[in-house]
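Note that the numbering used here numbers the sequence shown so that position 171 is 154, with each residue one more than the last.
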Amino acid sequence: MAAGVFFGANSIRAMSLIHPTVGEAYARISTSVGWESKKDTYFDFILAHELHGLPTGTHIISPKLSATERHSTAHRAHFVDELIKLVPGSMAEFGKRLIDLSRDENRGRTILKFADGTTAEADAVIGCDGIRSVCREFVLGKGNPLSQPTFTGKHAYRGLIPMDKAIAAIGEEKAQNRFMFIGKGGHVLTFPVANGDVMNVVAFSTTKSGVWEGEWVKRMERKDLAADFGGFGEECQKIFSLMESTDHWGIFDLSPEFPTYSSQDLRLLLLGDSAHACAPHQGAGAGQALEDAYILSHVLGECRSSSDLLAAFKGYESVRMPRAKFVQIHGRRQGELLDLQRPDIGDDLEKLKAVIDVPIREIWNCDMGAELEKALTAMKAELEKEGAEKRTVM
């Protein structure tokens, strides 16, 4: 499990909209930045190596945040630990692996079969089983190319460094705040987690062959890190020297061209990465799952019987599919931009500065209340359509 996770302003709002206790749980373990003067800075973007006669470390841009755009980070495991406390033990079982789904129409129930031989049943199933989702194949059909994750051409080295060591290596400013080192073919981002006790590091690079071989997550090989970032400057090299027990990740996503997130026959709906996994270059993927949960919890709350579920699914999809598609498309584009590889911009720093924070601001500033109203309106229209069809048949 990747350690550091970034939550934009939209994500943080969605937590409290789902339920105040979720927002409170996040607030207990989240980290902003070490310096008060940096709280309104998105990231400090600097050159990772010499470029166009500019020396390594040259400041590129530090986009400023409005009061409604502030974001923060967390250690993923710490957040999960807090969330688990909110779920009654009788409502959760762990260590389960889904292998089959079927529908008993006579009883109006969906049957779940697990690898350990046990079964469960429900009026409907919400599949939030990640980018390697089993549920997704039941929605799109086994063998459908769209159900398979796609390698983005990027890979990343992820690690954690004790803050005292990070400060000794690169100084307080860069260790305790959010920095992005931009270079040709790769970029390195750092930010504090665990209440500032740890510096999270993610170093992204471009896979020259365009193919990822073997396991998605491997142990880091120093020779690979050196090959990818040998041209990066002294500060990046100091950071790399402190990265121990580091994982090497292939970066995968899903096609934004999904026709649907749901199976009407199985009463199955996808949520989060199972529906719309995206490249992590905007730090927006986890937030999309939270937005999903906010919209879905409220449309389900409007169901008066199990017969309303499909209309609720339609309402959910009507707002979540276009929103998630935008995030997916720009996730890949941002990776190209930060690696100075976007075809229309390349290493033109003036063009880069003009667009570097444009898509992410659209993501942060989404009006979730308005999105919910649109979903509820679509659900209502679907219920009215179903009612008219039933009256016509009768």
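Virtual Cβ for every residue (Gly too), placed ideally from N, Cα, C.
Note that the coordinates shown come from a computational prediction; the quantities given were computed from them, not determined experimentally.
| Asked | Found |
| --- | --- |
| Short Cβ contact (7 Å threshold) for Thr135 with Asp322 | no |
| Neighbour-count burial assignment, Leu270, 16 or more Cβ in a 10 Å radius | Per the sequence shown, the amino acid found at residue 270 is Gly instead of Leu. Under this definition Gly270 is a buried residue. |
| Residues near Glu204 in its chain [Cβ-Cβ closer than 8 Å; skip 5 each side] | His231 |
| Any 3 or more C-beta pairs closer than 8 Å across the segment 2 to 21 and the segment 170 to 189 | yes |
| Proximal residues to Arg325 (C-beta, below 7 Å), its chain only, five neighbours per side dropped | Arg316 and Glu319 |
| DSSP three-state assignment for Ala262, whether helix, strand or coil | coil |
| Nearest-angstrom Cα separation, counted from Gly36 out to Arg115 | 44 Å |
| Nearest-angstrom Cβ-Cβ length linking Ala361 and Lys297, presumed shorter than 8 Å | 6 Å |
| Inter-residue Cα distance where the pair is Glu104 and Thr93 | 5 Å |
| Under the three-state DSSP convention, the category Trp347 falls into | helix |
| Nearest residue (CA-CA) to Val185, options Trp199, Lys201, Gly193 and Phe164 | Phe164 |
| His35 - DSSP class collapsed to helix/strand/coil | coil |
| The beta strand (DSSP E) enclosing Asp83, as first and last residue numbers | Leu81 to Asp87 |
| Nearest residue (CA-CA) to Leu208, options Phe223, Arg80 and Glu33 | Phe223 |
| Per DSSP, the bridge partner or partners of Val341 | BP columns for Val341 are empty, so no partner. |
| Within 7 Å, strictly: CB atoms of Phe97 and Gly166 | no |
| 4 or more residues per run - each alpha helix (DSSP H) lying fully within the segment -4 to 28 | 3 to 12 |
| 6 Å CB neighbourhood of Ala295 in its chain, flanking five on each side removed | Val282, Leu283, Cys286 and Met362 |
| Closest residue to Thr101 among Phe(-11), Ile82, Gly91 and Pro128 (Cα-Cα distance) | Ile82 |
| Sequence ranges, beta strand (DSSP E) only - wholly within the segment 105 to 190, length at least 3 | 108 to 110, 133 to 145, 162 to 166, 169 to 176 and 181 to 189 |
| Neighbour flag for Lys201 against chain D, beta carbons, 7 Å | Among the chains in the structure shown there is no chain D, since it carries only a single protein chain. |
| Neighbourhood of Phe121 by C-beta, 7 Å cutoff - its chain only, sequence neighbours within 5 removed | Leu84, Ser246, Leu249 and Leu251 |
| Boundaries of the alpha helix (DSSP H) in which Gly(-9) is found, first to last residue | It is not in any alpha helix (DSSP H) - Gly(-9) carries neither H nor E in the DSSP assignment. |
| Check whether Ser257 and Cys111 have beta carbons under 7 Å apart | yes |
| Residues bridged to Leu253 (per DSSP) | Gly110 |
| Proximity winner among Glu19, Thr229 and Val117, relative to Leu253 (alpha-carbon distances) | Val117 |
| Cα-Cα separation, Pro46 to Arg53 | 12 Å |
| Met(-16) classed as buried or exposed, judged by whether at least 16 other C-beta atoms fall within 10 angstroms | Bear in mind that a pLDDT of 47 at Met(-16), under 50, signals an unreliable position, so the number given afterwards is only what the model happens to contain. Flag for Met(-16) reads exposed. |
| Three-state secondary structure assigned by DSSP to Val194 | coil |
| Arg374 versus Lys357: straight-line alpha-carbon distance, rounded | Any reading at Arg374 is ruled out, since the residue's pLDDT is 47, under 50, leaving its predicted position unreliable. |
| Three-pair Cβ contact test at 8 Å for the segment 26 to 34 versus the segment 155 to 163 | yes |
| Secondary structure of Ala269, DSSP reduced to three states | helix |
| Beta-carbon proximity list for Arg306, same chain, < 8 Å, skipping 5 on both sides | Gln271, Glu274, Cys349 and Glu354 |
| Option nearest Glu198 by Cα separation, candidates Ala210, Gly233, Asp340 and Asn127 | Gly233 |
| Rounded distance between the beta-carbons of Leu225 and Ile144, thought under 8 Å | 5 Å |
| Proximity to Ile343 [Cα-Cα], best of Leu332, Lys336 and His313 | His313 |
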